[in-house]
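Q: So that we are looking at the same thing, I have put the structure below in structure tokens.
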Amino acid sequence: MKILFLLSCCICLAGCASVNMPADSGDKSQREINAAIGQIGPRWPASPAQLATTDGEIYLGNLESQIDAIESRPGLIGRTRFQVALAGLYYQRFQIEGRITDAERARELLDEARSSERLTPQDRLVYAQVLLGFHDFDAAAEQLELAAQHGAPDAAVATGRAALDRALQLPDRNAGAMEDSPADYVASVRRAAALVDRGQPAAASEHLRNAQDLYGDVNPFPLAWIHVQQGIVFLRHGAYEQARTFFVAAHERFPQYFLATEHLAETEGLLGNHARSAELYRVVTAQNDQPGFWHGLAGAEAALGNTEAARQASERAREGYRRLLEDYPLMFADHAVGYYLDVGDPAEALRLARLNYEHRQDLSAHLALAEALAGSGRLDEACKRVARLRDHGLEPPEISVPGEPLAACP
Numbered sequence: 199m200k201i202l203f204l205l206s207c208c209i210c211l212a213g214c215a216s217v218n219m220p221a222d223s224g225d226k227s228q229r230e231i232n233a234a235i236g237q238i239g240p241r242w243p244a245s246p247a248q249l250a251t252t253d254g255e256i257y258l259g260n261l262e263s264q265i266d267a268i269e270s271r272p273g274l275i276g277r278t279r280f281q282v283a284l285a286g287l288y289y290q291r292f293q294i295e296g297r298i299t300d301a302e303r304a305r306e307l308l309d310e311a312r313s314s315e316r317l318t319p320q321d322r323l324v325y326a327q328v329l330l331g332f333h334d335f336d337a338a339a340e341q342l343e344l345a346a347q348h349g350a351p352d353a354a355v356a357t358g359r360a361a362l363d364r365a366l367q368l369p370d371r372n373a374g375a376m377e378d379s380p381a382d383y384v385a386s387v388r389r390a391a392a393l394v395d396r397g398q399p400a401a402a403s404e405h406l407r408n409a410q411d412l413y414g415d416v417n418p419f420p421l422a423w424i425h426v427q428q429g430i431v432f433l434r435h436g437a438y439e440q441a442r443t444f445f446v447a448a449h450e451r452f453p454q455y456f457l458a459t460e461h462l463a464e465t466e467g468l469l470g471n472h473a474r475s476a477e478l479y480r481v482v483t484a485q486n487d488q489p490g491f492w493h494g495l496a497g498a499e500a501a502l503g504n505t506e507a508a509r510q511a512s513e514r515a516r517e518g519y520r521r522l523l524e525d526y527p528l529m530f531a532d533h534a535v536g537y538y539l540d541v542g543d544p545a546e547a548l549r550l551a552r553l554n555y556e557h558r559q560d561l562s563a564h565l566a567l568a569e570a571l572a573g574s575g576r577l578d579e580a581c582k583r584v585a586r587l588r589d590h591g592l593e594p595p596e597i598s599v600p601g602e603p604l605a606a607c608p
């Protein structure tokens, strides 16, 4: 599934990049992605030897030690300060390893802390971030408002509100007026994401490379995250060799980062390396049990002729999606649309896409609904969704790269 996050090639990237460079047929999207490929070089992506960060196992071990230090002392867990700190640690581990139980524990702790009415403005910003991850947008907005009322820094509140707006609606057509030279790596990645969705992957890649240059800490997670974002740019445009370059770089730097492992597994499969794909999918399914990764493993096992293993993985995916959609329908509806299209159930895909669209109207919701409509044989309706995106100045690869089903829309 090509969606919204790494060193066999990353030292001699210019040479590796030419292996799968799309031919320049004069098409704008191909010219753009060729220009992005041309930016790959000896320091893009930077190797661990070039930009040193803490070993991933050590970093994650330190994080788990902090969690254990609080969890093992019941007297601390009952205090708001430590509840919020522990929630932040669990949510950070969720972002790294992808286990839903960690996100659930983070929210549980924050829900308990809220009842004490002792949350600081900064605590409420943390709470809003976790609620946003659960797609509980009304509750997130409430916490942001309370944070503002109680004196949270204006810039921090504005950042939270901007994240909420991006999750709920299409960007304003004139939103490109944001700064061309963001001052920090997070803003640079955010700018890159906006440019990709406006059909400018070359400019987006410049901002992602700038994000790498702006990053100056030893935490391996943000740098691996930056490289995954660049890999996703190439993956969405069908430049699989180049996508693999960045996913390999992220995976080497931080093997425990599940999005690096999962995207590398997907890309290896797209390149026909099914044994390696299956190996990586086995790692990530053991790590967090997410159904989308079981679905990926099923495909890899089937390609290898492992019929029984493929059947078992397919069953794990089916049951996993059933359970998650029962517990968190709004959080996982968009993720499940592609799955149900893949397994030949366009009616369920369309039902979930509509449910998701009723809850939010951002770019991903529009694309999911358009893809579900197209998969249900309703291309005219799908193309109306595409037209709306273009009216907003958006040209994401899903509607612009030749060969994509929605690219046929006028």
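Under my numbering, residues 199 to 608 are what the sequence shown spells out, in order. By construction, the Cβ of each residue, glycine as well, lies at the ideal position given by its N, Cα and C atoms.
1) When you compare only the Cα positions, how much space is there between D589 and P369?
2) With R480 as the anchor, note down where its alpha helix (DSSP H) starts and where it stops.
3) At a cut of 8 Å, does the region 242-250 reach the region 444-452 through at least three beta carbon pairs?
4) Answer yes or no: do R303 and Y288 have a C-beta to C-beta separation smaller than 7 Å?
5) When DSSP labels each residue in this structure, what does G349 get in the three-state scheme?
6) With respect to the alpha helix (DSSP H) encompassing H590, which residues constitute its N-terminal and C-terminal limits?
7) How is M219 classed by DSSP in three states: helix, strand or coil?
8) Going by beta carbon distance, what residues of the same chain come within less than 7 Å of G331, once the five residues before and after it are set aside?
9) Hey, how far is the Cα of D388 from the Cα of E506?
10) Compute every distance between the C-beta of T251 and the non-hydrogen atoms of the ligand GDP, then say whether any falls below 6 Å.
11) For E593, which residues in the same chain have their Cβ closer than 7 Å to its Cβ, ignoring the five residues on either side in sequence?
12) Where do the N-terminal and C-terminal ends of the alpha helix (DSSP H) with Y455 fall, by residue?
13) Taking A275 and L261 to be in contact with their CB atoms under 8 Å, please state how far apart those CB atoms are, rounded to whole angstroms.
14) Please state if the CB of I424 and the CB of A401 are separated by a distance shorter than 7 Å.
15) Quick one: complete alpha helix (DSSP H) runs, 4+ long, within the region 211-283?
16) Give every residue of the same chain whose Cβ lies closer than 8 Å to the Cβ of D532, excluding the five residues on either side of it in the sequence, and list them in chain order.
17) What's the call for S270, buried or exposed, on a 16-neighbour Cβ count within 10 Å?
18) Does the Cβ of H493 have 16 or more other Cβ atoms within 10 Å, making it buried, or fewer, making it exposed?
19) Which residues share a DSSP beta bridge with Q428?
20) Would you report the Cα separation of A346 and G470, rounded to the nearest angstrom?
21) Within its chain, find whatever has a CB closer than 8 Å to the CB of R364; leave out the 5 residues flanking it on each side and keep chain order.
22) Relative to the C-alpha of A390, which candidate in Y383, L406 and A381 has its C-alpha closest?
23) Determine which residues share a DSSP beta bridge with Q367 and list them.
24) Could you tell me the boundaries of the alpha helix (DSSP H) in which T505 lies?
25) Helix, strand or coil for G436? Go by DSSP, reduced to three states.
26) To the nearest angstrom, how far is it from the Cα of C607 to the Cα of A585?
27) For G286, which residues from the same chain have a beta carbon less than 6 Å from its beta carbon, with the 5 sequence-adjacent residues on both sides left out?
28) One question on the structure: do A498 and A476 come within less than 7 Å of each other, judged by their Cβ atoms?
A: So, from the data block:
1) Within the sequence shown, residue 589 is the residue found at index 391, counting from 1. Within the sequence shown, residue 369 is the residue found at index 171, counting from 1. D589 and P369: Cα-Cα distance of roughly 11 Å.
2) Start at 1 with the first residue of the sequence shown, and residue 480 comes out as number 282. Taken as a continuous stretch (DSSP letters only), the alpha helix (DSSP H) holding R480 covers H472 to N486.
3) yes
4) As a first step, residue 303 must be located in the sequence shown, where it is residue number 105. As a first step, residue 288 must be located in the sequence shown, where it is residue number 90. Yes, these two residues count as a Cβ contact at 7 Å.
5) Translated into the one-based positions of the sequence shown, residue 349 becomes position 151. Three-state DSSP puts G349 in coil, outside helix and strand.
6) By 1-based counting over the sequence shown, the position of residue 590 is 392. Premise fails: H590 is in no alpha helix (DSSP H) and is neither H nor E.
7) Here residue 219 refers to the residue found at position 21 of the sequence shown. Any reading at M219 must be qualified, since the residue scores a pLDDT of 38, below 50, and its modelled position is unreliable; the value itself is stated next. Correct three-state label for M219: coil.
8) Numbered from 1 along the sequence shown, position 133 holds the residue referred to as residue 331. The residues are A301.
9) As a first step, residue 388 must be located in the sequence shown, where it is residue number 190. As a first step, residue 506 must be located in the sequence shown, where it is residue number 308. For the sequence presented, residue 388 should be read as Arg rather than Asp. Approximately 43 Å, taken between the alpha carbons.
10) Annotation note on the ligand GDP: not contained in the displayed structure, which lists no ligands.
11) Translated into the one-based positions of the sequence shown, residue 593 becomes position 395. So the list reads R396 and G397, once near-sequence residues are dropped.
12) The residue labelled residue 455 in the question sits at position 257 within the sequence shown. First-last for Y455: undefined, no H or E at that position.
13) Residue numbering aside, residue 275 sits at position 77 when the sequence shown is read from its first letter. Residue numbering aside, residue 261 sits at position 63 when the sequence shown is read from its first letter. One detail in the question is off: residue 275 reads as Ile in this sequence, not Ala. No, I275 and L261 are not in contact; Cβ-Cβ is about 17 Å, not under 8 Å.
14) Counting from 1 along the sequence shown, the entry for residue 401 is found at position 203. Counting from 1 along the sequence shown, the entry for residue 424 is found at position 226. No, the Cβ-Cβ distance between A401 and I424 is not below 7 Å.
15) 211-215, 226-236, 254-269 and 272-275
16) In the sequence shown, residue 532 corresponds to position 334, counting from 1. Closer than 8 Å at Cβ, skipping near neighbours: L550, A551, N554, S562, A563 and A566.
17) Walking along the sequence shown from the start, residue 270 turns up at place 72. Exposed, since its Cβ has fewer than 16 Cβ neighbours within 10 Å.
18) Looking up residue 493 in the sequence shown gives position 295. Answer is buried; the Cβ neighbour count reaches 16.
19) In the sequence shown, residue 428 corresponds to position 230, counting from 1. Answer by DSSP bridge pairing: none, since Q428 is not bridged.
20) Counting from one through the sequence shown, the residue named residue 346 turns up at place 148. Counting from one through the sequence shown, the residue named residue 470 turns up at place 272. Whole-angstrom Cα-Cα distance: 51 Å.
21) Counting from one through the sequence shown, the residue named residue 364 turns up at place 166. Excluding sequence neighbours, R364 sits near D560.
22) Translated into the one-based positions of the sequence shown, residue 390 becomes position 192. Of Y383, L406 and A381, the residue nearest in Cα terms is L406.
23) Translated into positions along the sequence shown, residue 367 becomes position 169. Bridge partners of Q367: Q559.
24) Counted from its first residue, the sequence shown places residue 505 at position 307. Per DSSP, T505 belongs to the alpha helix (DSSP H) from T505 to D525.
25) For the purposes of this step, residue 436 is taken as the residue at position 238 of the sequence shown. Reduced to three states, the DSSP call for G436 is coil.
26) As a position in the sequence shown, residue 607 is number 409, starting the count at 1. As a position in the sequence shown, residue 585 is number 387, starting the count at 1. Going by the C-alpha atoms only, they are around 8 Å apart.
27) Along the sequence shown, one-based indexing puts residue 286 at 88. Once the five neighbours on either side are set aside, the close Cβ partners of G286 are V324.
28) Locating residue 498 in the sequence shown gives position 300, where the first residue counts as 1. Locating residue 476 in the sequence shown gives position 278, where the first residue counts as 1. In this structure, A476 lies closer than 7 Å to A498 by Cβ.
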